[in-house]
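**Q** Before we start, here is the structure in question, set down as structure tokens.
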């Protein structure tokens with residue numbers, strides 16, 4: 066078929082649509098809802114905050130969220146500016162490749178795929194355990210945690226095949242419900258304080274001293290995970306240069322404010338002198354116990370359901386991100402080209418979505434087969450699947466954030482824009498330094514993050530997964546540079562590297578990598 070004929074032009078246009086995400090699908094509000102949902106506010110308030118109080122005994126958690134909000138704003142200052150120059154569903158790896166080269170970009174692509182995949186699949190364990198508990202409590206039916214977990218995989222996978230517009234609506238509704246319920250608790254918790262009254266001790270810098278500070282930073286940084294996903298949707302937004310940056314800053318500010326107030330309300334409602342002991346005794350149920358005392362059983366039951374639906378929103382949000390990373394990698398030749406195709410009707414990265422669904426089923430099934438604890442025991446779904454995968458994913462994302470900050474500095478310096486971008490370069494450098502320190506603490510105290518013994522195998526194996534992924538990714542990038550230079554040259558550019566390589570290796574064509582800017 067001649068490409069100059071009407072049929073040929075139509076076929077070429079159809080092929081182009083199949084290799085590109087549908088533009089103009091998401092505005093500022095939709096993007097903000099999509100990335101904020103990944104933070105799962107209810108899961109953070111009910112799960113992460115009591116764990117931080119219990120494990121570390123540090124009552125200054127609210128101040129930590131404020132300080133980290135400032136650090137992440139500094140990170141976003143340069144990261145968002147990078148988004149004005151690069152719009153690519155590969156986000157992290159695209160930015161890193163443009164700043165530090167294709168080999169490091171390939172390593173970042175592999176790490177992003179592993180980090181976000183493990184983050185997403187880990188939540189299935191907690192989701193399955195909590196849903197099974199609710200079914201048992203309210204319906205009198207005992208089911209294994211893997212039943213609702215696999216049902217969640219199926220539903221998330223189905224939504225991942227559909228238009229992003231529908232996903233945004235689902236995420237928006239679930240997030241708004243979460244925020245309303247959390248905000249209600251904040252108002253009531255601060256309005257009806259515990260035994261110590263309305264105390265501001267949590268914002269005293271002296272409360273941050275102690276050996277647990279580094280680990281507390283790791284817990285709190287993980288709570289923010291999600292805001293950095295905004296550039297992943299750049300190709301699908303209405304005005305990416307403005308919308309992505311706006312959504313990112315709003316997401317960081319929103320999360321910092323909500324989490325600081327929520328952790329303060331938890332401490333005030335329990336009483337600063339009792340919050341550590343109460344969190345240690347009740348764990349995630351501390352929030353619901355404090356709520357029931359003040360708002361009654363009905364409101365608490367609604368909040369518990371929202372706790373579960375918030376997990377679902379986070380699973381869907383992370384699923385969408387993984388699908389788009391797989392799409393970007395397939396489009397550029399880092400994965401088989403089939404992953405670089407979109408659905409004919411939805412315009413969604415359906416093959417990337419299918420890949421993550423398959424991975425989720427495989428991981429949940431493997432943990433199910435190894436579960437000999439029976440019904441109602443959190444050992445496998447929570448203490449292993451959720452905790453192990455969640456911490457591996459969070460560590461991987463922190464490494465990506467630190468590397469992206471360095472890449473921002475390199476990108477603008479190499480472009481000769483150091484002077485006009487000096488403020489962004491400085492903020493990115495400062496953010497990189499802080500994030501590297503937090504990463505060192507995370508690796509050092511990984512046994513505390515896992516609540517495991519210092520000499521246990523997971524304490525070394527799990528952070529080793531991140532290290533091994535980086536090494537494998539660098540090796541993969543090095544091999545691409547030698548064997549497929551056209552693909553290597555286009556990493557992070559979204560320029561259909563697989564097509565360029567085809568042209569470069571065709572008879573009569575010189576095998577030269579593209580030098581497009």
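In the working numbering, the protein residues as written are 66 to 582.
All residues carry an ideal CB built from backbone N, CA and C; glycine is no exception.
(1) Taking the CB atoms as reference points, tell me whether residue 533 and residue 501 lie closer together than 8 Å.
(2) Taking the beta carbon of residue 270 as the centre, do at least 16 other beta carbons fall within 10 Å, making it buried, or is it exposed?
(3) Quick one: Cα of residue 561 to Cα of residue 159, how far?
(4) Restricting to Cα atoms, I'd like to know which of 551, 124 and 323 is closest to residue 289.
(5) Can you list, in chain order, the residues of its chain whose CB lies under 6 Å from that of residue 104, leaving out five sequence neighbours each side?
(6) What first and last residue would you give for the alpha helix (DSSP H) that runs through residue 466?
(7) Suppose contacts are defined by Cβ-Cβ distances below 8 Å. Is residue 37 in contact with residue 246 by that definition?
(8) Which residue from 187, 498 and 300 puts its Cα closest to that of residue 90?
(9) Can you tell me whether DSSP reads residue 490 as helix, strand or coil?
(10) With a cut-off of 8 Å, do at least 3 Cβ pairs link the stretch 177-187 to the stretch 491-500?
(11) Can you tell me which of the three DSSP states residue 91 falls into?
(12) Using the three-state DSSP reduction, which class does residue 561 fall into: helix, strand or coil?
(13) Assuming residue 451 contacts residue 190 under a Cβ cut-off of 8 Å, what Cβ separation, rounded to an integer in Å, is found between them?
(14) Opposite residue 302 in the DSSP bridges: which residues?
(15) Just how far apart, CA to CA, sit residue 325 and residue 539?
(16) What does the alpha-carbon distance come out to for the pair residue 243 and residue 110?
(17) Is it buried or exposed, residue 361, if we count other Cβ atoms within 10 angstroms and call 16 or more buried?
(18) Got a sec, what are the start and stop residues for the alpha helix (DSSP H) residue 201 sits in?
(19) Between 460, 140, 98 and 370, which has its C-alpha nearest residue 197's C-alpha?
(20) Who are the Cβ neighbours of residue 403 in its own chain at under 6 Å, not counting the five residues just before and after it?
(21) Given this structure, state the Cα-to-Cα distance separating residue 213 from residue 205, to the nearest angstrom.
(22) When you compare each of 377, 465 and 134 to residue 216 by their alpha carbons, which one comes out closest?
(23) For residue 99 and residue 154, what's the separation of their Cα atoms in angstroms?
(24) Taking the straight line between their C-alpha atoms, what separation do you get for residue 315 and residue 496?
(25) Count Cβ pairs between the stretch 115-130 and the stretch 467-477 that sit closer than 8 Å; are there 3 or more?
(26) Taking Cβ positions, are residue 312 and residue 93 nearer each other than 8 Å?
(27) Let me confirm a value: residue 223 is counted as buried when at least 16 other C-beta atoms fall within 10 Å, else exposed. Which label applies?
(28) Say yes only if the C-beta of residue 474 is nearer than 7 Å to one or more non-hydrogen atoms of the ligand SAH, and no if none qualify.
(29) Is DSSP giving residue 268 helix, strand or coil here?
(30) By Cβ distance, which residues of its chain are closer than 6 Å to residue 149, with the 5 residues on each side in sequence left out?
(31) Within the continuous alpha helix (DSSP H) that includes residue 355, where are the two ends?
(32) Report, in whole angstroms, the separation of the C-beta atoms of residue 503 and residue 286, which I expect to be a contact under 8 Å.
(33) Pull up the CB-CB distance for residue 114 and residue 331, whole angstroms please, since I reckon it's below 8 Å.
(34) When you compare only the Cα positions, how much space is there between residue 433 and residue 446?
(35) If residue 173 and residue 157 are in contact, beta carbons under 8 Å, what's the gap, nearest whole angstrom?
(36) Could you tell me the distance, in whole angstroms, from the CA atom of residue 505 to the CA atom of residue 260?
**A** Taking the definition as stated:
(1) no
(2) exposed
(3) The predicted position of residue 561 is uncertain, since its pLDDT is 46 and thus under 50; no value can be drawn from it.
(4) 323
(5) Listed in chain order, the non-local C-beta contacts of residue 104 below 6 Å within the same chain comprise 291 and 320, local neighbours out to five positions each way being set aside.
(6) Membership of residue 466 in the alpha helix (DSSP H) is indicated by the continuous run 452-479.
(7) Look at the range of the chain in this structure, 66 to 582, and you will see that residue 37 is not part of it.
(8) 300
(9) Annotated three-state conformation of residue 490 is helix, per DSSP.
(10) no
(11) strand
(12) Here residue 561 scores only 46 on pLDDT, less than 50, and its place in the model is too uncertain to base an answer on.
(13) 4 Å
(14) 91
(15) 38 Å
(16) 10 Å
(17) exposed
(18) 167-204
(19) The shortest CA-to-CA distance from residue 197 to any of 460, 140, 98 and 370 is the one to 370.
(20) 416
(21) 15 Å
(22) If you compare the alpha carbons of 377, 465 and 134 with that of residue 216, the shortest gap goes to 377.
(23) 14 Å
(24) 18 Å
(25) Under the 8 Å Cβ criterion, the stretch 115-130 does not count as touching the stretch 467-477, having fewer than three qualifying pairs.
(26) yes
(27) exposed
(28) Although the ligand SAH was asked about, the structure shown includes no ligands whatsoever.
(29) helix
(30) 306
(31) Per DSSP, residue 355 belongs to the alpha helix (DSSP H) from 350-396.
(32) 6 Å
(33) About 6 Å separates the two Cβ atoms, so the contact holds.
(34) 8 Å
(35) 6 Å
(36) 38 Å
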